[in-house]
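Working notes, structure below.
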Amino acid sequence: MLFIGGTIAGERIGMARSYDFKGVEAGWQRVWEERKAFRVTEDASQPKYYCLVMYPYPSGKIHMGHVRNYAIGDVVARYFRMRGHNVLHPMGWDSFGLPAENAAIEHGVHPAAWTVENITYMRTQLKRMGLSYDWDREITCSDPEYYRWNQWLFLRMYEKGLAYKKPALVNWCEVCQTVLANEQVEGGRCWRDDSVVIQKELDQWFLKITAYADELLTGLDRLPGWPERVKTMQRNWIGKSVGAEVDFPMADGGPPITIFTTRQDTLYGATFMVLAPEHALAHRLARGRPEVEGFIERMRTEDRLVRTAAETEKEGVFTGAFAINPLTQEKIPIWLANFVLLEYGTGAIMSVPSHDQRDFDFARKYHLPIRLVIDPEEGTLVAADLEKAYEGEGVMVNSGPFSGLPSGEGREAITRYLEERRIGKGAVNYRLRDWGVSRQRYWGTPIPIIYCDRCGTVPVPERDLPVLLPRDVEITMKGGSPLARVEHFVNVSCPACHGPARRETDTMDTFVDSSWYFLRFCSPKEENRALDPAKVMYWMPVDQYIGGIEHAVLHLLYARFFTRVMRDLGLVSIDEPFVNLLTQGMVCKETYRCPTHGYRLPDEVDAKGRCTACGQPVEIGRIEKMSKSKKNVVDPDDLMNRYGADTARLFSLFAAPPEKDLEWSDQGVEGAFRFLNRVYRLVEGWAEELCRPVKPVSFAALTVGRALYQKAHFTIKKVTEDLDRDFHFNTAIAALMELVNSLGQFDLGSAPEEREEKRTVARFAVETLLVLLAPFAPHLAEELWQRLGHSRSIAEARWPVHSTEVIQQEEILVVVQVNGKLRSRLVLPADAEEEALRAAALKDSRVQAWLEGRQVVRVVVVPKKLVNIVTDER
RNA sequence: GCCGGGAUGGCGAAACAGGAAGACGCGACAGACUCAAAAUCUGUUGGGCCUUCGCGCCCGUGGGGGUUCGACUCCCCCUCCCGGCACCA
1 MLFIGGTIAG
11 ERIGMARSYD
21 FKGVEAGWQR
31 VWEERKAFRV
41 TEDASQPKYY
51 CLVMYPYPSG
61 KIHMGHVRNY
71 AIGDVVARYF
81 RMRGHNVLHP
91 MGWDSFGLPA
101 ENAAIEHGVH
111 PAAWTVENIT
121 YMRTQLKRMG
131 LSYDWDREIT
141 CSDPEYYRWN
151 QWLFLRMYEK
161 GLAYKKPALV
171 NWCEVCQTVL
181 ANEQVEGGRC
191 WRDDSVVIQK
201 ELDQWFLKIT
211 AYADELLTGL
221 DRLPGWPERV
231 KTMQRNWIGK
241 SVGAEVDFPM
251 ADGGPPITIF
261 TTRQDTLYGA
271 TFMVLAPEHA
281 LAHRLARGRP
291 EVEGFIERMR
301 TEDRLVRTAA
311 ETEKEGVFTG
321 AFAINPLTQE
331 KIPIWLANFV
341 LLEYGTGAIM
351 SVPSHDQRDF
361 DFARKYHLPI
371 RLVIDPEEGT
381 LVAADLEKAY
391 EGEGVMVNSG
401 PFSGLPSGEG
411 REAITRYLEE
421 RRIGKGAVNY
431 RLRDWGVSRQ
441 RYWGTPIPII
451 YCDRCGTVPV
461 PERDLPVLLP
471 RDVEITMKGG
481 SPLARVEHFV
491 NVSCPACHGP
501 ARRETDTMDT
511 FVDSSWYFLR
521 FCSPKEENRA
531 LDPAKVMYWM
541 PVDQYIGGIE
551 HAVLHLLYAR
561 FFTRVMRDLG
571 LVSIDEPFVN
581 LLTQGMVCKE
591 TYRCPTHGYR
601 LPDEVDAKGR
611 CTACGQPVEI
621 GRIEKMSKSK
631 KNVVDPDDLM
641 NRYGADTARL
651 FSLFAAPPEK
661 DLEWSDQGVE
671 GAFRFLNRVY
681 RLVEGWAEEL
691 CRPVKPVSFA
701 ALTVGRALYQ
711 KAHFTIKKVT
721 EDLDRDFHFN
731 TAIAALMELV
741 NSLGQFDLGS
751 APEEREEKRT
761 VARFAVETLL
771 VLLAPFAPHL
781 AEELWQRLGH
791 SRSIAEARWP
801 VHSTEVIQQE
811 EILVVVQVNG
821 KLRSRLVLPA
831 DAEEEALRAA
841 ALKDSRVQAW
851 LEGRQVVRVV
861 VVPKKLVNIV
871 TDER
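Here the first sequence is numbered in the numbering used here, starting from 1 and rising by one per residue.
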């Protein structure tokens with residue numbers, strides 16, 4: 001039966017006449033839920049497939065990015081299930097985090113209550129999308145049954161020295177009132193609220209990700225299933241530099257200064273040294289020198305962001321002290337400068353102005369000597385004429401016994417030389433810093449540590465886990481961690497001496513939760529352990545992980561780190577958690593902007609493109625990522641109310657390949673909706689006829705409907721290949737549309753002698769269509785499958801396999817070119833020999849005309865494809 | 001600056017291993033149905049040319065060169081766009 005507008009007749013809003021998608025979708029969702037259709041357990045007899053989508057933060061409602069993400073994941077899961085895999089497809093909630101606390105401050109709701117409410121609503125939204133999750137595995141990070149294992153893992157890491165506390169300059173976000181990890185600062189701004197991050201000295205907990213720096217880097221080479229750009233971003237982030245550490249003796253005989261360099265080959269050109277103003281030695285050298293002390297003090301108070309920006313002018317001060325270049329034995333001055341950073345390398349550098357632009361700029365400014373020690377491969381340079389440093393490779397010159405060596409070999413030779421004399425050694429440096437995980441916030445995992453005046457830092461004993469978050473807490477955005485004000489939480493007795501002690505009141509970064517949730521999904525109900533190793537062994541690694549690119553160096557790096565830590569703790573036996581990664585593009589939409597009223601909603605712009613508030617023409621802005629602030633969001637609830645989940649899914653899969661940005665188009669949604677309605681009308685219209693008896697008939701014996709039968713087989717091939725090859729959902733759906741177009745052209749016929757045969761072909765084609773459509777639009781496929789008389793779910797149907805014989809064409813279109821230009825087409829038997837193709841092409845009258853007055857020089861024949869006739873004088 | 005990814009009709013996009021550029025969808029135009037509209041169905045739709053309207057000719061995948069019988073596809077150079085990193089020694 002057909003409904004108007006999908007709901008009640010009369011409520012039409014310029015919408016297509018439609019099938020009752022609401023009834024269909026709700027009905028099948030109920031059936032799937034009742035049957036627990038997508039529950040899985042380990043089964044060694046089936047190949048396993050772990051399909052994971054990044055679980056959401058329960059912010060209140062799902063957005064279109066979620067719709068796209070979860071639609072992609074669901075197609076993958078349903079496809080592999082139909083291909084005979086035992087598919088783990090779980091869902092959970094990344095439910096610790098700041099927005100819950102902000103809600104508490106703004107609306108007076110407890111973060112726990114706010115979170116639970118959001119989860120409840122978002123769960124119904126996800127269920128409305130018809131996603132095939134095993135809901136029995138649902139996990140919630142803010143649940144003590146989950147976060148107790150964060151604490152347990154933290155303690156294991158503490159035991160191994162992988163979790164430690166140190167005072168450090170940390171990134172502080174004034175808006176969030178908490179510390180941020182380096183990965184959470186983007187261009188000096190908070191990843192969450194875009195406010196400027198300042199530096200603060202605080203005593204903080206760190207996780208030693210640097211211990212795995214090299215492994216995290218080299219592991220990337222063994223991830224062919226990851227996008228290149230994500231691997232590049234991680235490589236950049238880890239920032240490995242291979243070089244050497246060199247000791248420069250002090251001219252006054254004091255302890256030497258160690259520097260790090262990647263250009264040992266330029267050592268003979270080091271004409272001065274520079275220390276970071278915070279360097280321990282800098283303080284000593286500054287003593288009694290007011291201008292140096294002043295410089296240090298000024299650097300200390302200056303904004304670090306400004307100081308470390310590339311555009312900031314280099315400035316420095318001479319300390320009055322000298323060191324000795326260990327190769328030339330020359331006395332060289334020691335300076336302090338703003339551009340040398342304590343955190344990188346040893347906090348001290350040798351300066352080679354001739355071959356390092358920064359040193360060059362500095363030398364020019366302060367009139368320090370410039371000595372050339374590398375000549376380019378071609379030509380020579382003159383130090384006095386240099387206008388900028390020569391940073392390239394070349395041949396060593398003015399370098400004593402090393403002169404004449406190519407710079408690459410020179411680096412090795414110098415390193416060997418330094419090591420032999422014990423004044424230096426080969427060294428590697430990383431840009432990656434340890435992960436600061438302390439957060440001065442309430443809604444997170446309490447760090448399970450107790451401070452005792454007598455015993456010092458004492459880990460909470462395992463039997464006392466979980467350290468529960470107290471419910472009775474006053475949440476404000478000022479005055480440090482809210483937990484610090486909860487006395488019954490803070491004041492405890494020391495587990496070691498039972499004397500009075502205090503709890504750690506910082507909580508863990510919420511990225512800790514997501515660093516291992518994919519492992520917990522394997523045994524989500526395990527009560528006595530973080531994981532059940534046998535189950536983890538069965539399911540891990542994740543075969544396909546799907547999520548946004550924004551986690552390229554956050555979550556995806558932390559998860560790789562945690563997996564390795566857990567491997568070294570003997571909990572898992574894999575190195576890499578995610579074999580294949582698909583980073584979906586953003587969902588974007590055009591924006592409207594009024595000169596007076598700023599961003600406008602589509603409803604706030606009239607048909608003539610003017611602002612409804614002031615009548616000025618709005619500027620149609622660029623296509624941008626959907627966001628509330630730009631007023632260009634589409635609410636998934638509205639979308640599903642108007643068109644249903646199948647249309648929402650189909651559109652987000654059809655409009656663009658998954659890894660590219662998706663540009664929102666209301667007409668595109670209409671198109672997807674029209675297509676599904678067409679399918680519905682077609683199958684519904686034929687259902688009665690197709691349910692009548694069919695007679696099995698071989699393709700060879702088929703007298704009618706051969707083209708449709710072939711088209712169905714072609715479609716199987718195309719859709720299967722598109723899904724197997726990088727999940728090209730858009731072209732797979734296009735192939736389904738072509739099949740529907742063919743079905744639409746097909747006449748079931750009236751002559752009784754052909755009717756049965758035509759019915760057989762039509763039934764095959766329709767069933768093929770429904771089965772192939774099932775991963776994309778599962779509700780409609782189920783509904784129509786049932787109308788054709790099936791009692792089992794289409795989700796249990798086997799994915800079809802095309803027949804190469806059927807696809808084999810008897811006749812083939814061969815293109816004929818003359819000098820590479822298309823001149824004729826020939827229909828020839830598919831098995832025509834090369835010689836026959838050549839002869840037929842040369843004989844063709846249209847080709848003949850083009851050959852007039854020319855000599856055939858060559859004939860290129862590509863069997864089953866084309867003939868290209870090459871002539872003289874073209 | 002370094003690294004990664006891009007650029008194809010009016011629009012979103014196809015073209016998998018070098019072999020008919022533009023599948024499929026949107027939009028537009030025309031027709032059928034209708035009193036009419038909507039919906040639906042059918043056709044046309046890269047640009048240009050024409051006393052020949054054709055199975056026609058020329059041009060066409062950011063620009064310039066090259067390899068090849070043949071290039072969206074491979075190579076070199078350049079422009080622009082998106083993303084990451086960046087005083088990291």
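Note that the Cβ used here is the ideal one computed from N, Cα and C, for glycine as well. A quick note: this is a predicted structure, and the numbers were derived from the prediction, not measured.
Where does V179 land, buried or exposed, given buried means 16+ other C-beta within 10 angstroms? The residue you call residue 179 lines up with position 179 of the first sequence. Its Cβ being crowded by 16 or more others within 10 Å, V179 is buried.
To the nearest angstrom, report how far apart E855 and R823 are at their CA atoms. Stepping through the first sequence from its first residue, residue 855 is reached at position 855. Stepping through the first sequence from its first residue, residue 823 is reached at position 823. The question names Glu, yet the displayed sequence has Gln at residue 855. Looking at the two C-alpha atoms, the distance is approximately 17 angstroms.
Residue span of the beta strand (DSSP E) that contains S824, given as start and end: Position 824 of the first sequence, counted from the start, is the residue given in the question as residue 824. Looking at the DSSP string, the run of the beta strand (DSSP E) that includes S824 is K821 to P829.
Sub-8 angstroms separation of V340 and T266 beta-carbons: Taking the first residue of the first sequence as position 1, residue 340 is located at position 340. Taking the first residue of the first sequence as position 1, residue 266 is located at position 266. No, these two residues do not count as a Cβ contact at 8 angstroms.
For L281, three-class secondary structure by DSSP: If you number the first sequence from 1, residue 281 lands on position 281. If DSSP states are grouped into helix, strand and coil, L281 belongs with the helices.
Figure out for me which residue from R189, F272 and V490 has the closest Cα to the Cα of C173. As a position in the first sequence, residue 173 is number 173, starting the count at 1. With distances taken between Cα atoms, C173 lies closest to R189.
For the alpha helix (DSSP H) that E782 lies in, which residues bound it at each end? Locating residue 782 in the first sequence gives position 782, where the first residue counts as 1. It spans P778 to R787 - the alpha helix (DSSP H) in which E782 sits, taken as one unbroken run.
Residues in the same chain with beta-carbon distance under 6 angstroms from D193, minus the five sequence neighbours each way, listed in chain order, please. Reading the first sequence from its first residue, position 193 is the one you call residue 193. Taken in chain order, the residues that qualify are V175.
If you scan the segment 106-170 from start to end, which runs of the alpha helix (DSSP H) of 4 or more residues do you find wholly inside it? 111-128 and 144-159
In the DSSP assignment, find the alpha helix (DSSP H) that holds I716 and state where it starts and stops. Against the first sequence, residue 716 aligns to sequence position 716. R706 to D724 is the extent of the alpha helix (DSSP H) around I716.
What's the call for V704, buried or exposed, on a 16-neighbour Cβ count within 10 Å? Walking along the first sequence from the start, residue 704 turns up at place 704. The residue in question, V704, is buried, as its Cβ has 16 or more Cβ neighbours within 10 Å.
Under 8 angstroms between C-beta atoms of F248 and A323: Here the question's residue 248 lines up with position 248 in the first sequence. Here the question's residue 323 lines up with position 323 in the first sequence. In contact: F248 and A323 (Cβ atoms closer than 8 angstroms).
When the Cα atoms are used, what is the spatial distance from N899 to V565? Nothing can be reported for residue 899, as the shown portion of the chain is limited to 1 through 874.
Beta-carbon proximity list for F764, same chain, < 8 angstroms, skipping 5 on both sides: The sequence position of residue 764 within the first sequence is 764, counting from 1. So the list reads Y709 and A712, once near-sequence residues are dropped.
Report buried or exposed for N325, applying the criterion of at least 16 other Cβ atoms within 10 angstroms of its Cβ. For this step, residue 325 is matched to residue 325 along the first sequence. By the 10 Å Cβ count, N325 comes out buried.
Exposure label - G84; buried when at least 16 CB within 10 Å: Taking the first sequence and counting its residues from 1, one reaches residue 84 at position 84. Answer is exposed; the Cβ neighbour count stays below 16.
With 16 other CB atoms within 10 Å as the buried threshold, where does A875 fall? This structure cannot settle anything about residue 875, because the visible part of the chain is limited to 1 through 874.
Can you tell me whether R725 is buried or exposed? The criterion is at least 16 other CB atoms within 10 Å of its CB, across all chains shown. The count along the first sequence starts at 1 and reaches residue 725 at position 725. By the 10 Å Cβ count, R725 comes out exposed.
Pairing CB atoms from the segment 451-468 with CB atoms from the segment 146-155, are three or more of them under 8 angstroms? yes
For the alpha helix (DSSP H) containing A849, list its first residue and its last residue. Reading the first sequence from its first residue, position 849 is the one you call residue 849. Here the alpha helix (DSSP H) through A849 covers S845 to L851.
8 angstroms Cβ cutoff met for L216 and I238: If you number the first sequence from 1, residue 216 lands on position 216. If you number the first sequence from 1, residue 238 lands on position 238. Contact flag set, yes.
What are the uninterrupted segments assigned as alpha helix (DSSP H) that are 4 or more residues long and contained completely in the segment 453-502, given in chain order? 487-490
According to DSSP, is N868 part of a helix, a strand, or is it coil? Translated into the one-based positions of the first sequence, residue 868 becomes position 868. Reduced to three states, the DSSP call for N868 is strand.
Measure from the alpha carbon of V740 to the alpha carbon of each residue in F729, T720, P752 and A762, then state which is nearest. Position 740 of the first sequence holds residue 740. Among F729, T720, P752 and A762, the Cα nearest to that of V740 is on A762.
Nearest residue (CA-CA) to A71, options W686, D143 and A648: Locating residue 71 in the first sequence gives position 71, counting from the first residue. That would be A648, whose Cα lies nearest to the Cα of A71.
Have a look at R12 and V31 and give me their C-alpha separation to the nearest angstrom. Within the first sequence, residue 12 is the residue found at index 12, counting from 1. Within the first sequence, residue 31 is the residue found at index 31, counting from 1. With a pLDDT of only 38 at R12, under 50, the local geometry of the prediction cannot be trusted, and no value is derived from it.
Proximal residues to N182 (C-beta, below 6 angstroms), its chain only, five neighbours per side dropped: Here residue 182 is taken as the residue at index 182 of the first sequence, counted from 1. Excluding residues within five positions, the ones whose Cβ falls inside 6 angstroms are R433.
Note down, in chain order, each residue of its chain lying with its Cβ closer than 7 angstroms to the Cβ of F295, except the 5 sequence neighbours on either side. The residue you call residue 295 lines up with position 295 of the first sequence. Excluding sequence neighbours, F295 sits near P277, V317 and L336.
Between the C-alpha atoms of D872 and G853, what's the straight-line distance to the nearest angstrom? Residue 872 sits at position 872 when you count from the first residue of the first sequence. Residue 853 sits at position 853 when you count from the first residue of the first sequence. Near 10 angstroms, if we compare the C-alpha coordinates of G853 and D872.
Considering only residues of the segment 377-411, which uninterrupted alpha helix (DSSP H) runs meet the minimum length of 4 residues and lie entirely inside it, listed in chain order? none
Assigned secondary structure, M586 (DSSP; H/G/I helix, E/B strand, else coil): For the purposes of this step, residue 586 is taken as the residue at position 586 of the first sequence. Looking at M586 - three-state DSSP - the assignment turns out to be coil, as it is neither helix nor strand.
Residues near G97 by beta carbon distance below 8 angstroms, same chain, minus five either side: The residue you call residue 97 lines up with position 97 of the first sequence. Within the same chain, G97 has close Cβ partners Y57, W443, G444 and T510.
Around the C-beta of L162, are 16 or more other C-beta atoms found within 10 angstroms, so that it is buried, or is it exposed? Taking the first sequence and counting its residues from 1, one reaches residue 162 at position 162. With 16 or more Cβ atoms within 10 Å of its Cβ, L162 is classed as buried.
What do you reckon, are the CB atoms on V437 and I450 nearer than 8 angstroms? In the first sequence, the residue the question calls residue 437 occupies position 437. In the first sequence, the residue the question calls residue 450 occupies position 450. Cβ atoms of V437 and I450: not closer than 8 angstroms.
Pairwise C-alpha distance: F561 and G671: Here the question's residue 671 lines up with position 671 in the first sequence. Here the question's residue 561 lines up with position 561 in the first sequence. Rounded to whole angstroms, G671 to F561 spans 44 angstroms at the Cα level.
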